[in-house]
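**Q** First to last, the protein sequences are chains P and V.
Residue numbering for the first sequence follows the UniProt record's numbering, beginning at 1 and increasing consecutively.
Residue numbering for the second sequence follows the UniProt record's numbering, beginning at 1 and increasing consecutively.
Backbone N, C-alpha and C fix where the C-beta goes; we use that ideal spot for every residue, glycine too.
Since the model is a prediction, treat every value here as computed from it, not as a measurement.
There are 2 protein chains.
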Amino acid sequence: MLTASQLTSLQAILPADRIHLDAETCERYGQDWTRYTTPRAAAIVFPMGIEEVQAVVRWANAQGVGIVPSGGRTGLSGGAVAAQGEVVVSLERMNRIDGFDPLARTVRCQAGVITAALQQFAADHGLYYPVDFASSGSSQIGGNIATNAGGIRVVRYGMTREWVAGLTAVSGSGEVLECNLGLAKNNAGYDFRHLFIGSEGTLGLVVEATMRLTDLPPATTVLLLALPRLADIMAVFHAFRSALTLQAFEFFSDLALTHVLAAQQATAPLAERQPFYVLLELETAVQSQEEAVLQVFSACLEQGWVCDGVIAQSQQQAKSLWRLREGISAAITPYTPYKNDISVVLSRLPQFVARLQGVLARDYPDFEVLWYGHIGDGNLHINVLKPASWALEDFRHACEQVNGQVFALVAEFAGSMSAEHGVGLLKRDYLGVTRSAEEIALMRGVKAVFDPNCIMNPGKLLA
Amino acid sequence: MLTASQLTSLQAILPADRIHLDAETCERYGQDWTRYTTPRAAAIVFPMGIEEVQAVVRWANAQGVGIVPSGGRTGLSGGAVAAQGEVVVSLERMNRIDGFDPLARTVRCQAGVITAALQQFAADHGLYYPVDFASSGSSQIGGNIATNAGGIRVVRYGMTREWVAGLTAVSGSGEVLECNLGLAKNNAGYDFRHLFIGSEGTLGLVVEATMRLTDLPPATTVLLLALPRLADIMAVFHAFRSALTLQAFEFFSDLALTHVLAAQQATAPLAERQPFYVLLELETAVQSQEEAVLQVFSACLEQGWVCDGVIAQSQQQAKSLWRLREGISAAITPYTPYKNDISVVLSRLPQFVARLQGVLARDYPDFEVLWYGHIGDGNLHINVLKPASWALEDFRHACEQVNGQVFALVAEFAGSMSAEHGVGLLKRDYLGVTRSAEEIALMRGVKAVFDPNCIMNPGKLLA
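Written out as structure tokens, the structure is:
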């Protein structure tokens, strides 16, 4: 899809081993985990340093070719898809970790460093990189930054945004920008670091970053609680959070449990089933905190908010409980789920869910809808499963109808149409749910400043 | 300085009590704590709501009049100065705190809420607003956000940036922007919240914000340590930080102590004087942590890093020790200090200070130079005192020469020319020390998107 002259000029600026044109590589690197779009990449390039990234960006500007920045391609919004003949710039060969600073507790990562490799590096130095999620074994730091990745520890440690002390980006016009220099304090003008974080590759490519590390977490206790009523979930949250430090506060519905138990061939963790479950991980560094766990658990039982629960008695049991939550996504993959990832302000969440349940039950009685998510952050993943008898196209069409109703409610509750997955291609046309027309116009203006020829991840985030 | 027609049109959009034209008000609201520039404001307006702010911004666009957003005017870089006939928009009458959400632990503040009022509000609800500094009794939340205020707890809690869940801004073109909606998680496009934070009123006015609160801090222990050599300060930092949680790690030189003792008519806290002092506040919630304080203190003495020290035995004594650090700025005000506020990466700080001390001693032997600051953040305040015999103009001229050498070194060490005070008017011409020409050009581009007619805080941050 590149012209002969475009290809010749690309080959003139990069060594031959950096450029792959074969169909298999183009297919593999042209898509992410969404599998919603047919990949159609013109070429995949694997630059080995900032200068090579810069050369590719300048080439793309000169040739008018679109670029798709590419990390671990674990995204769920189509942000890393190349479906229009773009050149994919994979940063996977730029995977060096160096420049560890034990005083500042920072470390320099090239964009292609795998999340788990940074976690391991931190552990090897007696420290902790706390951003964690199911894809940590293949997602990359550059992609995490470009999408401001969240995950299961946000309630305690925040999003990726909080852990970036500095980043180096190549802008859409090919300039190398050193954003924040890894400093703890720097009030010298607009913070372009935070503008690049979460910009989904539409302003430029994040090529390196200085990541913050922190203390190892203390000992923790893991609990699974069963709730008869969703309306009480925030009372449970408040009771535990007032007494203890939460490391995680996750949620799933009984239907989600059914699917994960079937997929894992596991037995139910509690004798009786209830409509909702909460998985908590609590910091219990000292005896008094362990006692507080029991006290709050008892109080929740007494109040009737919780009607059963289990406290993990071993690391092994804690892992088993976590597997129930973390296994949901894999368990439902065969059902071609249609995913939404929304958030509202915490106190409005139960009301939001109740309203949405009503709408879905009324208008889409044929669909299985699974609820789970990082409820301590106000973040819900709503997954609609495809009935076996439905054709994929019909199902997708119906889901777009569902979206209309989901997002109308998100707008009414002043929530986010994408809490952590980003906007990408799949959610692009719903951006107006959360951002005003004026803000979207300003976003276009900002993009034009960094990427005047619109070569960066064209069609993602902004139409 | 407004034409009759400009004034008439302003009076048409605001009630009469919102507009003040008298010389006293214009002088008072036309300057900040710097006192470096002669105030020359055309008018001071006191809007009572977002619509009134919006009306003023639209009026300013139509009339081509500059606007200076105004909070508590406690800034130290001239960011809130009106010296060119601008209209000052004081937000002090917009000082409502409401919308407390105990689940999300957030509260809605209008821009004019005094920092101490938010701290008190949090305390009244069993929570904590941790951003704190000497000016908390008069600085305002809007100004804190516009300048990303730091202070004495950054090593533990970060800058103001970390505590803003959402903000409402009126852009330079008069649009009301709802940035981040107070959500914990929101990956729906560019984060304009972070762009406004620290933008010093050059993109628009922050009119409201949703601020995060947190748990009350645990019991703490305050220590003052005396160090013979600056080179050892980071070893002391590392030793305490590895064993305990730091709430503060502050630093001052013996000359700073001399001035503060004289101003406060206090006696020295330690029997012998040493060149450098470190003030620590450590979390000591449990007995084992109190023991750890003693152990690390002993270890520092054994290593020779520290040669004397005192551990506060009461709240009263802790306050006295803190007064030594917090009183420095007031103590030297009579000496018309020339202030710099720089930061470098923590591990390079001792080398930076040693180099800079050498330069200053060689080239400016007549000047008293005080060193103090938030050294746990890599942030130093370098204050040059005016010798009594020097004329103010000559001193300022000489200090600008000093700046050349200070900033050359900051650039060499890849540090920030403004760690927490911001750029404003006074540091504007040094922005290139920390930001590249390409970045400054991009900053101009971004400003043009939000403030196309350049009415917002003209001449601040960007020339």
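1) DSSP three-state label for Thr258 of chain V, please.
2) Measuring only between beta-carbons, confirm whether Lys185 of chain P sits less than 8 Å from chain V.
3) Using the three-state DSSP reduction, which class does Ile97 of chain P fall into: helix, strand or coil?
4) Identify, in the order they occur along the chain, each residue of the same chain with its Cβ nearer than 6 Å to the Cβ of Gln63 of chain V, setting aside the five sequence neighbours on each side.
5) For the alpha helix (DSSP H) that Ile332 of chain P lies in, which residues bound it at each end?
6) By the DSSP assignment, the beta strand (DSSP E) with Ala43 of chain P in it spans what residues?
7) Please classify Leu461 of chain V: does DSSP put it in a helix, a strand, or coil?
8) Using only alpha-carbon positions, find the residue among V:Leu294, V:Glu291, V:Val344 and V:Leu321 that is nearest to Tyr277 of chain V.
9) Where does the unbroken alpha helix (DSSP H) through Gly422 of chain V begin, and where does it stop?
10) Closest Cβ-Cβ distance between Glu208 of chain P and chain V: below 8 Å?
11) On the DSSP bridge list, what partners appear for Leu252 of chain P?
12) Within its chain, find whatever has a CB closer than 6 Å to the CB of Gly158 of chain V; leave out the 5 residues flanking it on each side and keep chain order.
13) Taking the runs of the beta strand (DSSP E) that are 3 residues or longer, which of them lie wholly in the stretch 359–408 of chain P?
14) Quick check on Ile19 of chain P: does DSSP put it in helix, strand or coil?
15) From the DSSP output, in three-state form, read off Val87 of chain P for me.
16) For Gly112 of chain V, would you say it is in contact with chain A, using Cβ-to-Cβ distances shorter than 8 Å as the test?
17) Which value, in whole angstroms, describes the spacing of the CA atoms of Arg212 of chain V and Val293 of chain P?
18) Figure out for me which residue from P:Leu270, P:Gly142, P:Phe100 and P:Ser135 has the closest Cα to the Cα of Ala122 of chain P.
19) Can you tell me whether Asp32 of chain V is helix, strand or coil according to DSSP?
20) Measure from the C-beta of Ser416 of chain V to each C-beta in chain P and report whether the shortest distance is under 8 Å.
21) What's the gap between the Cα of Ala83 of chain P and the Cα of Pro458 of chain P?
22) Just the Cα atoms here: how many angstroms apart are Gly72 of chain P and Ile114 of chain P?
23) Measure the alpha-carbon distance for Pro452 of chain V versus Arg325 of chain P and round it to whole angstroms.
24) Going straight from the alpha carbon of Asp429 of chain V to that of Val449 of chain P, what length do you get?
25) Using DSSP's beta-bridge definition, name the partner residues of Gly309 of chain V.
26) Need the endpoints of the beta strand (DSSP E) that Cys109 of chain V sits in, please.
27) Can you name the residues of chain V whose CB is closer than 7 Å to the CB of Ala419 of chain P?
28) Are the beta-carbon atoms of Thr284 of chain P and Thr220 of chain P separated by less than 8 Å?
29) In chain P, what lies closer than 7 Å to Val446 of chain V by C-beta?
30) Going along chain V in order, which residues have a C-beta closer than 7 Å to the C-beta of Phe133 of chain P?
31) Identify every residue that forms a DSSP beta bridge with Leu246 of chain P.
32) Considering just the uninterrupted stretch of the alpha helix (DSSP H) at Asn61 of chain V, what are its terminal residues?
33) Where does Ala398 of chain P land, buried or exposed, given buried means 16+ other C-beta within 10 angstroms?
34) Can you tell me the Cβ-Cβ gap for Phe297 of chain V and Ile375 of chain V, rounded? I've got them flagged as a contact below 8 Å.
35) Under 8 Å between beta-carbons, which chain P residues line up against Asp101 of chain V? List them in chain order, please.
36) Please classify Cys26 of chain P: does DSSP put it in a helix, a strand, or coil?
**A** Reading from the atomic positions:
1) Reading the second sequence from its first residue, position 258 is the one you call residue 258 of chain V. DSSP places Thr258 of chain V within a helical segment (H, G or I) once states are collapsed to three.
2) Taking the first residue of the first sequence as 1, we reach residue 185 of chain P at position 185. Yes, Lys185 of chain P counts as interfacial toward chain V.
3) As a position in the first sequence, residue 97 of chain P is number 97, starting the count at 1. Reduced to three states, the DSSP call for Ile97 of chain P is strand.
4) As a position in the second sequence, residue 63 of chain V is number 63, starting the count at 1. If the five residues before and after Gln63 of chain V are omitted, its C-beta is found closer than 6 Å to the C-beta atoms of Gln6, all from its own chain and listed in chain order.
5) Taking the first sequence and counting its residues from 1, the one referred to as residue 332 of chain P is at position 332. Unbroken alpha helix (DSSP H) run through Ile332 of chain P: Ile328 to Ile332.
6) Counted from its first residue, the first sequence places residue 43 of chain P at position 43. From DSSP, the beta strand (DSSP E) with Ala43 of chain P extends over Ala43 to Val45.
7) One-based indexing of the second sequence puts residue 461 of chain V at position 461. Under the three-state reduction of DSSP output, Leu461 of chain V falls in the coil class, being neither helix nor strand.
8) Translated into positions along the second sequence, residue 277 of chain V becomes position 277. For Tyr277 of chain V, the nearest C-alpha among the options comes from V:Leu321.
9) As a first step, residue 422 of chain V is located in the second sequence; it is residue number 422 there, counting from the start. Gly422 of chain V -> no alpha helix (DSSP H), and no H or E assigned at all.
10) Translated into positions along the first sequence, residue 208 of chain P becomes position 208. No, because no Cβ of chain V sits closer than 8 Å to the Cβ of Glu208 of chain P.
11) The sequence position of residue 252 of chain P within the first sequence is 252, counting from 1. It is worth fixing the name first, because residue 252 of chain P is Phe in this sequence and not Leu. Note: Phe252 of chain P sits in a beta bridge opposite P:Tyr277 and P:Tyr372.
12) Residue mapping note: residue 158 of chain V aligns to position 158 of the second sequence, counting from 1. Here the set comprises nothing.
13) 368–374 and 379–385, all fully within the stretch 359–408 of chain P.
14) The residue given as residue 19 of chain P occupies position 19 in the first sequence. Residue state, collapsed to three classes: strand.
15) If you number the first sequence from 1, residue 87 of chain P lands on position 87. Here Val87 of chain P sits in strand by DSSP.
16) Of the protein chains in this structure, namely P and V, none is chain A.
17) Here the question's residue 212 of chain V lines up with position 212 in the second sequence. Here the question's residue 293 of chain P lines up with position 293 in the first sequence. Their Cα atoms are separated by approximately 25 Å.
18) Translated into positions along the first sequence, residue 122 of chain P becomes position 122. Looking from the CA of Ala122 of chain P, the closest CA among P:Leu270, P:Gly142, P:Phe100 and P:Ser135 belongs to P:Phe100.
19) Locating residue 32 of chain V in the second sequence gives position 32, where the first residue counts as 1. DSSP places Asp32 of chain V outside both helix and strand once states are collapsed to three, so it counts as coil.
20) Residue numbering aside, residue 416 of chain V sits at position 416 when the second sequence is read from its first letter. At least one chain P Cβ lies under 8 Å of Ser416 of chain V.
21) Locating residue 83 of chain P in the first sequence gives position 83, counting from the first residue. Locating residue 458 of chain P in the first sequence gives position 458, counting from the first residue. When the Cα atoms are used, Ala83 of chain P and Pro458 of chain P turn out to be separated by approximately 10 Å.
22) Taking the first sequence and counting its residues from 1, the one referred to as residue 72 of chain P is at position 72. Taking the first sequence and counting its residues from 1, the one referred to as residue 114 of chain P is at position 114. Straight-line Cα distance between these residues: approximately 8 Å.
23) Against the second sequence, residue 452 of chain V aligns to sequence position 452. Against the first sequence, residue 325 of chain P aligns to sequence position 325. Going by the C-alpha atoms only, they are around 49 Å apart.
24) Residue 429 of chain V sits at position 429 when you count from the first residue of the second sequence. Residue 449 of chain P sits at position 449 when you count from the first residue of the first sequence. Computed Cα separation, rounded: 23 Å.
25) One-based indexing of the second sequence puts residue 309 of chain V at position 309. Here Gly309 of chain V is bridged, per DSSP, to V:Leu225.
26) Mapped onto the second sequence, residue 109 of chain V falls at position 109. If you look at Cys109 of chain V, you'll find it in the beta strand (DSSP E) that goes Thr106 to Gln110.
27) Indexing the first sequence from 1 puts residue 419 of chain P at position 419. Result: Lys185, Asn186 and Asn187.
28) Looking up residue 284 of chain P in the first sequence gives position 284. Looking up residue 220 of chain P in the first sequence gives position 220. Contact check for Thr284 of chain P against Thr220 of chain P passes: the beta carbons are separated by less than 8 Å.
29) As a first step, residue 446 of chain V must be located in the second sequence, where it is residue number 446. Taking the beta carbon of Val446 of chain V as reference, the chain P residues within 7 Å of it are Tyr190, Val446 and Val449, listed in sequence order.
30) Counting from 1 along the first sequence, the entry for residue 133 of chain P is found at position 133. Neighbours of Phe133 of chain P on chain V: none; closest Cβ ~13 Å, over 7 Å.
31) Position 246 of the first sequence, counted from the first residue, corresponds to residue 246 of chain P. Under DSSP, the beta-bridge partners assigned to Leu246 of chain P are P:Leu282.
32) Mapped onto the second sequence, residue 61 of chain V falls at position 61. Segment Ile50 to Gln63, the alpha helix (DSSP H) holding Asn61 of chain V.
33) Start at 1 with the first residue of the first sequence, and residue 398 of chain P comes out as number 398. Result: buried.
34) As a position in the second sequence, residue 297 of chain V is number 297, starting the count at 1. As a position in the second sequence, residue 375 of chain V is number 375, starting the count at 1. At roughly 18 Å, the Cβ-Cβ gap does not stay under 8 Å, so Phe297 of chain V and Ile375 of chain V are not in contact.
35) Along the second sequence, one-based indexing puts residue 101 of chain V at 101. Going along chain P in sequence order, the residues near Asp101 of chain V (Cβ under 8 Å) are Val345, Leu346 and Ser347.
36) Taking the first residue of the first sequence as position 1, residue 26 of chain P is located at position 26. Helix.
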